[in-house]
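Residue numbering for the sequence shown is 4 to 128, as defined by my numbering. Yeah, the Cβ is synthetic: ideal placement off N, Cα and C, and Gly gets one too. Just so it is clear, the structure is predicted and the values come from calculations on it, not from any experiment.
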Amino acid sequence: MASITETATKVAEASPNTNETPAELSIVVEFTGGLEMLFSDQRRHTISVPAIDKNNQPVTIAYLVQYLCEHTMKDTRKELFVLDHHVRPGILVLINDADWELEGEEAYVIQNGDNILFVSTLHGG
């Protein structure tokens, strides 16, 4: 028969605290308006990002933009997506179908299950 301590340990291991921040966040990132060409001509990406950055802070859209450039973007023309480490002017960003200006722009803290959409309004001619 297991001791009370052994039983409590097994229950704790089997029932993780749901209030803890997950190590990674699963999000959907989409690109339209021509931006998909920078990301392997793939419009929709389901990715996992760390929940906490190297400074032990929750990850934000600013972090995501750099993460996308380093890990997801295959094209070398990063200047078509970012300018001075920020989303390039002319690219609309929607967070869960809401304009990112309503959500705090680059300071928005990413949540598990978020859908982030980048739409280029820049067109050649």
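- [ ] Take T75 and list the residues in its own chain whose beta-carbon comes closer than 7 angstroms to its own, dropping the five residues that flank it on each side.
- [x] Along the sequence shown, read from residue 1 onward, the residue named residue 75 stands at position 72. Answer for T75: F42, H48, I50, listed in chain order.
- [ ] Quick one: give me the first and last residue of the beta strand (DSSP E) that I30 is part of.
- [x] Walking along the sequence shown from the start, residue 30 turns up at place 27. Note, I30: beta strand (DSSP E), 27 to 35.
Open item on the list: Taking a contact to mean a Cβ-Cβ separation below 9 angstroms, would you say P92 touches L83 in this structure?
Closed with: For the purposes of this step, residue 92 is taken as residue 89 along the sequence shown, with counting starting at 1. For the purposes of this step, residue 83 is taken as residue 80 along the sequence shown, with counting starting at 1. No, they are not a contact pair.
Task: Inter-stretch contact (C-beta, 8 angstroms, three-pair minimum) for the segment 89 to 104 and the segment 53 to 63 - done: no
Open item on the list: Taking the beta carbon of S123 as the centre, do at least 16 other beta carbons fall within 10 Å, making it buried, or is it exposed?
Closed with: Counted from its first residue, the sequence shown places residue 123 at position 120. With 16 or more Cβ atoms within 10 Å of its Cβ, S123 is classed as buried.
Open item on the list: Using a Cβ-Cβ cutoff of less than 7 angstroms, which residues in the same chain neighbour I98 once the five nearest sequence positions on both sides are dropped?
Closed with: Position 95 of the sequence shown holds residue 98. These residues qualify, in order along the chain: E106, Y111, D117, I119.
- [ ] Give every residue of the same chain whose Cβ lies closer than 8 angstroms to the Cβ of E108, excluding the five residues on either side of it in the sequence, and list them in chain order.
- [x] Counted from its first residue, the sequence shown places residue 108 at position 105. If we look at E108 and ignore the five residues flanking it on each side, its Cβ neighbours are I64, V96.
- [ ] Give the DSSP bridge partners of R47, in chain order.
- [x] As a position in the sequence shown, residue 47 is number 44, starting the count at 1. BP columns for R47 point to E33.
Open item on the list: Suppose contacts are defined by Cβ-Cβ distances below 9 angstroms. Is D78 in contact with M40 by that definition?
Closed with: Mapped onto the sequence shown, residue 78 falls at position 75. Mapped onto the sequence shown, residue 40 falls at position 37. Yes; because the gap between Cβ atoms is below 9 angstroms, this pair is in contact.
Task: Cα-Cα separation between K81 and V52, rounded to whole angstroms - done: Here residue 81 is taken as the residue at index 78 of the sequence shown, counted from 1. Here residue 52 is taken as the residue at index 49 of the sequence shown, counted from 1. Roughly 20 angstroms between the two C-alpha positions.
Task: Residue(s) in a DSSP beta bridge with P92 - done: The residue given as residue 92 occupies position 89 in the sequence shown. The partner list for P92 (beta bridge, DSSP) is empty, contrary to what the question assumes.
Task: Residues bridged to T63 [DSSP beta-bridge criterion] - done: Here residue 63 refers to the residue found at position 60 when the sequence shown is read from its first residue. The partner list for T63 (beta bridge, DSSP) reads V112.
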